[in-house]
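Below is one structure, written out as structure tokens, with a few remarks after it.
Protein chains: 2
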Amino acid sequence: MEEINFLKNLFPKLKSDDKVVIKPGDDCAAIKWKDSKLQLIAVDQVVAEQHFLTSTDSKRVGRKLLARNLSDIAAMGGTPLYALCTSAADKSFDQNYHEEFMSGIIELADKHETQIIGGDVCGNPKGFVATLTIIGEVDHKKVITRDGSEPGDYLFATGRFGDSFLTEHHLDFTPRLKEGKWLADNAFAKAMLDVSDGILLDSMRLVKAGNNVSLQLFTEKILPRTENLPLKNILTDGEDYELLFSVSKENAEELKNEWPFSTPLTCIGRFYEKSEQVEIINEERVDLNKLFNTFSHF
Amino acid sequence: MEEINFLKNLFPKLKSDDKVVIKPGDDCAAIKWKDSKLQLIAVDQVVAEQHFLTSTDSKRVGRKLLARNLSDIAAMGGTPLYALCTSAADKSFDQNYHEEFMSGIIELADKHETQIIGGDVCGNPKGFVATLTIIGEVDHKKVITRDGSEPGDYLFATGRFGDSFLTEHHLDFTPRLKEGKWLADNAFAKAMLDVSDGILLDSMRLVKAGNNVSLQLFTEKILPRTENLPLKNILTDGEDYELLFSVSKENAEELKNEWPFSTPLTCIGRFYEKSEQVEIINEERVDLNKLFNTFSHF
Chain A
0 MEEINFLKNL FPKLKSDDKV VIKPGDDCAA IKWKDSKLQL IAVDQVVAEQ
50 HFLTSTDSKR VGRKLLARNL SDIAAMGGTP LYALCTSAAD KSFDQNYHEE
100 FMSGIIELAD KHETQIIGGD VCGNPKGFVA TLTIIGEVDH KKVITRDGSE
150 PGDYLFATGR FGDSFLTEHH LDFTPRLKEG KWLADNAFAK AMLDVSDGIL
200 LDSMRLVKAG NNVSLQLFTE KILPRTENLP LKNILTDGED YELLFSVSKE
250 NAEELKNEWP FSTPLTCIGR FYEKSEQVEI INEERVDLNK LFNTFSHF
Chain B
0 MEEINFLKNL FPKLKSDDKV VIKPGDDCAA IKWKDSKLQL IAVDQVVAEQ
50 HFLTSTDSKR VGRKLLARNL SDIAAMGGTP LYALCTSAAD KSFDQNYHEE
100 FMSGIIELAD KHETQIIGGD VCGNPKGFVA TLTIIGEVDH KKVITRDGSE
150 PGDYLFATGR FGDSFLTEHH LDFTPRLKEG KWLADNAFAK AMLDVSDGIL
200 LDSMRLVKAG NNVSLQLFTE KILPRTENLP LKNILTDGED YELLFSVSKE
250 NAEELKNEWP FSTPLTCIGR FYEKSEQVEI INEERVDLNK LFNTFSHF
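Those protein sequences? They're chains A and B, same order as listed.
Here numbering that gives the first Met the number 0 is used: position 233 in the first sequence is 232, and no number is missing along the way.
Here numbering that gives the first Met the number 0 is used: position 6 in the second sequence is 5, and no number is missing along the way.
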């Protein structure tokens, strides 16, 4: 099934009122909570032989599941609070597997003061599917959505890209919670998301959600995770879980000067008016244009 | 894996503070929301060949998934507000299958003014696992938990029991939302849950959570779903999704007189002091005692 077409058809069928402040399609949904706060809510999954190998230590799998969700909270500038998790597993995933899996979730949850408040465990004829629902909060005035990029803005990214599977970054990455919250608190990011499907596809999501923008990627500036990694891998490998965000021209220099983290911060592109028809990629044009065309229908 | 042992080991490892008003182990967790409201949160799953046959119309499967979660909200006396859903499916579950599945969710959600605010769709090497996270609300003063049954209380149930699979009740049942809310609004139910694992196991959960109580079930009073259904099926078939709740002796008559619904309401048992060692079941003692012993370790 094509997820993209499915969702494209689905979203118009969903009713929502103005208590739902951020609707389906962003990293998290947001509903009105108390005082000036929004409640952020998202759900994500891990599936055996899809997101991890069955042979992988299940503690790391549990950790990954929560970390993916924390990354979604980070992308809104939020703080995680609560989580619920489910598993549906066949009998080869025994009690020890589940206990290790949960210990991976709990260890990371404790680190981020996130409380596990519910869940469900059931059988499955074949395989292992686990989900985690994350609940967080953010000041309504500070929340960062995917839309809002304007011509003239710069595109910034945290961290390094590509080669996530071979390096096992996809299991051990650090969700960029403190960076996301700092960007929100200091109003640097006009639009933001976390890079789960590769920098090319996810930067296109910012373009689509932006205000009549096209994008030039400074591909040579993007930091690769490993040496000599081909550009195609840097752009499309996925599971980087870094933050990708737009910053106004006026704030870009100040951002670079004030960035208080050891996490790399790189300016990797610039938004232009859509009508200027700027090339999205300035190297390896043929292959990447083809990729771009594959992605461009959503 | 034994779910019960797993959860028994798991719960003590979970940290929680006093913002979590109802902790894991009830039908929903509850956190402080705004004003005098609690937010109710639960998650449930449906798995192909576990909770439904792959040949079943997927619209009815989607409906069932939401209805199960609505039943959990009903069991707290709450009102549903929002939902998020996930699916992990192999390619044999195509776009049409998913669209029908979602239409079953959306149709029931619209009926209960419940907004779908997020979700996730991904691949699965084999099978179909879907989850739904439900968010609802209830007045803090009115919420009904599993604990609170006292000696002298009567045990009441809505509806009929047993034979849920053959009659397809498990697909088409009506979650008892209006009954649950009415019981909460009128403070009739001291403790409540929804019957998902059979009336015997779920009434034992009320006993375990109660204040030093044992239970006599008036087994002959329990309404069977179908004629001539053996008691064992009535008590243990599961997936009834009826409400089971305790009512003080003083309120029992008034409850029966004021019950405004066409849904059957039956007094099916009475709580005694634990020390009185009342038989839990008064028919088919051997088989049921064996069953009871299987369940009694949690």
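C-beta atoms are modelled at their ideal positions from N, C-alpha and C, and glycine is treated no differently.
How would you list, in chain order, the residues of chain B whose beta-carbon sits under 7 Å from the beta-carbon of residue 12/A? Position 13 of the first sequence, counted from the start, is the residue given in the question as residue 12/A. Those are 105, listed as they occur along chain B.
In chain order, what residues of the same chain lie with their CB nearer than 6 Å to the CB of residue 135/A, ignoring the 5 residues before and after it? As a working note, residue 135/A is residue 136 in the first sequence. Hits under 6 Å: 39, 72, 77, 78, 79, 80.
Quick one: what's got a C-beta closer than 6 Å to residue 147/B's C-beta in the same chain, skipping five residues either side? Taking the second sequence and counting its residues from 1, one reaches residue 147/B at position 148. Excluding positions up to five away in sequence, the list reads 189, 190.
When you compare each of 108/B, 20/B, 139/B to residue 301/A by their alpha carbons, which one comes out closest? No answer is possible for residue 301/A: the residues shown for chain A start at 0 and end at 297.
What is the rounded straight-line gap between the Cα of residue 238/B and the Cα of residue 63/B? On the second sequence, position 239 is the one that residue 238/B refers to. On the second sequence, position 64 is the one that residue 63/B refers to. Rounded to the nearest angstrom, the two C-alpha atoms are 11 Å apart.
Please determine if the segment 158 to 175 of chain B and the segment 214 to 224 of chain B are in contact, where contact requires at least 3 C-beta pairs separated by less than 8 Å. yes
Name the chain B residues whose beta carbon is nearer than 9 Å to that of residue 115/A? The residue labelled residue 115/A in the question sits at position 116 within the first sequence. The contacting residues are 9, 12, 13, 14, 15, 23.
Looking at the C-beta of residue 87/A, does it have a partner C-beta in chain B at a distance below 8 Å? Taking the first residue of the first sequence as 1, we reach residue 87/A at position 88. At least one chain B Cβ lies under 8 Å of residue 87/A.
Would residue 244/B pass as a contact of residue 155/B if the rule is Cβ separation under 8 Å? Against the second sequence, residue 244/B aligns to sequence position 245. Against the second sequence, residue 155/B aligns to sequence position 156. Yes; because the gap between Cβ atoms is below 8 Å, this pair is in contact.
Would a check of beta-carbon distances place residue 43/B closer than 8 Å to chain A? Mapped onto the second sequence, residue 43/B falls at position 44. Chain A contact via Cβ: present.
At a cut-off of 7 Å, would you count residue 128/B as near the ligand MN, judging by its Cβ distance to the nearest heavy atom? The model on display carries no ligand, and the ligand MN is accordingly not part of it.
Below 8 Å, can you find three or more Cβ-Cβ pairs linking the segment 49 to 62 of chain B to the segment 13 to 28 of chain B? no
Let me know the beta strand (DSSP E) ranges lying completely inside the segment 121 to 208 of chain B, each 3 residues or longer, listed in chain order. 127 to 138, 153 to 157, 190 to 193
Every unbroken alpha helix (DSSP H) inside the segment 229 to 253 of chain A [4 residues or more]: 230 to 235
If we call anything under 8 Å between Cβ atoms a contact, is residue 215/A one with residue 269/A? By one-based count along the first sequence, residue 215/A stands at place 216. By one-based count along the first sequence, residue 269/A stands at place 270. In this structure, residue 269/A lies closer than 8 Å to residue 215/A by Cβ.
Can residue 130/A and residue 84/A be called in contact, C-beta distance under 8 Å? Here residue 130/A is taken as the residue at index 131 of the first sequence, counted from 1. Here residue 84/A is taken as the residue at index 85 of the first sequence, counted from 1. Yes. Within cutoff.
Would you mind telling me which residues of chain B sit closer than 8 Å to residue 123/A, beta carbon to beta carbon, in chain order? Here the question's residue 123/A lines up with position 124 in the first sequence. Residues of chain B passing the Cβ test: 46, 49, 126, 128.
Is the beta carbon of residue 123/B less than 8 Å from the beta carbon of residue 88/B? Within the second sequence, numbered from 1, the residue matching residue 123/B stands at position 124. Within the second sequence, numbered from 1, the residue matching residue 88/B stands at position 89. Against a cut-off of 8 Å, the Cβ pair of residue 88/B and residue 123/B comes out as a contact.
Segment limits, beta strand (DSSP E) that includes residue 86/A: On the first sequence, residue 86/A is found 87 positions in, with the first residue counted as 1. Residue 86/A -> beta strand (DSSP E) spans 78 to 88.
Alpha carbon to alpha carbon, how far is residue 140/B from residue 343/A? Give it in angstroms, no decimals. The structure shown does not extend to residue 343/A, since chain A is modelled only from 0 through 297, so no value can be given for it.
Within the same chain, show all residues whose beta-carbon is closer than 7 Å to that of residue 31/B, passing over the 5 residues directly before and after it, in chain order. Indexing the second sequence from 1 puts residue 31/B at position 32. Cβ neighbours of residue 31/B beyond the five flanking positions: 18, 20, 37.
Given residue 25/B, which residues of its chain have a CB within under 6 Å of its CB, disregarding the five upstream and five downstream residues? Residue numbering aside, residue 25/B sits at position 26 when the second sequence is read from its first letter. Same-chain partners within the cutoff: 144, 145.
When the Cα atoms are used, what is the spatial distance from residue 212/B to residue 261/A? In the second sequence, residue 212/B corresponds to position 213, counting from 1. In the first sequence, residue 261/A corresponds to position 262, counting from 1. Going from the Cα of residue 212/B to the Cα of residue 261/A covers about 59 Å.
Pull up the DSSP beta-bridge partners for residue 118/B, would you. Position 119 of the second sequence, counting from 1, holds the residue named residue 118/B. In the DSSP output, where bridge partners are listed per residue, residue 118/B has 84/B.
Answer yes or no: does any C-beta atom of chain A fall closer than 8 Å to that of residue 191/B? In the second sequence, residue 191/B corresponds to position 192, counting from 1. For residue 191/B, the answer is no, since every Cβ of chain A falls outside 8 Å of its Cβ.
Would you mind sorting residue 225/A into buried or exposed? The rule is 16 or more other CB atoms within 10 Å of its CB. Taking the first residue of the first sequence as 1, we reach residue 225/A at position 226. Exposed.
With distances taken Cα to Cα, identify the nearest neighbour of residue 231/A among 251/A, 240/A, 247/A, 199/A. Residue numbering aside, residue 231/A sits at position 232 when the first sequence is read from its first letter. Closest by alpha carbon: 199/A.
Starting from the beta carbon of residue 143/A, find every residue of chain B whose beta carbon is closer than 7 Å, and list them in chain order. In the first sequence, the residue the question calls residue 143/A occupies position 144. Chain B residues near residue 143/A: none, gap ~17 Å exceeds 7 Å.
Output yes if chain A places a C-beta closer than 8 Å to the C-beta of residue 173/B; else output no. Here the question's residue 173/B lines up with position 174 in the second sequence. Answer no: the Cβ-Cβ gap between residue 173/B and chain A never drops below 8 Å.
Near residue 235/B, what residues of its chain come up, given a Cβ to Cβ distance below 6 Å and the 5 sequence neighbours on each side ignored? Numbered from 1 along the second sequence, position 236 holds the residue referred to as residue 235/B. The residues are 197, 199.
From residue 47/B to residue 252/A, what does the alpha carbon distance come to, in whole angstroms? Numbered from its first residue, the second sequence carries residue 47/B at position 48. Numbered from its first residue, the first sequence carries residue 252/A at position 253. Their backbone Cα atoms lie some 54 Å apart in a straight line.
Drop a sphere of 10 angstroms on the beta-carbon of residue 8/B, count the other beta-carbons inside from all chains shown, and report buried for 16 or more, exposed for fewer. By one-based count along the second sequence, residue 8/B stands at place 9. Exposed: under 16 other Cβ atoms inside 10 Å.
Could you spell out where the alpha helix (DSSP H) holding residue 66/B opens and where it closes? Translated into positions along the second sequence, residue 66/B becomes position 67. Looking at the DSSP string, the run of the alpha helix (DSSP H) that includes residue 66/B is 57 to 73.
May I ask you to report which of helix, strand or coil DSSP gives residue 223/A? Here residue 223/A is taken as the residue at index 224 of the first sequence, counted from 1. Strand, per DSSP.
Proximity test, Cβ basis, 8 Å: residue 58/A and chain B: One-based indexing of the first sequence puts residue 58/A at position 59. Residue 58/A does not count as touching chain B.
What three-state label does DSSP hand residue 9/B in the structure shown? As a first step, residue 9/B is located in the second sequence; it is residue number 10 there, counting from the start. Residue state, collapsed to three classes: helix.
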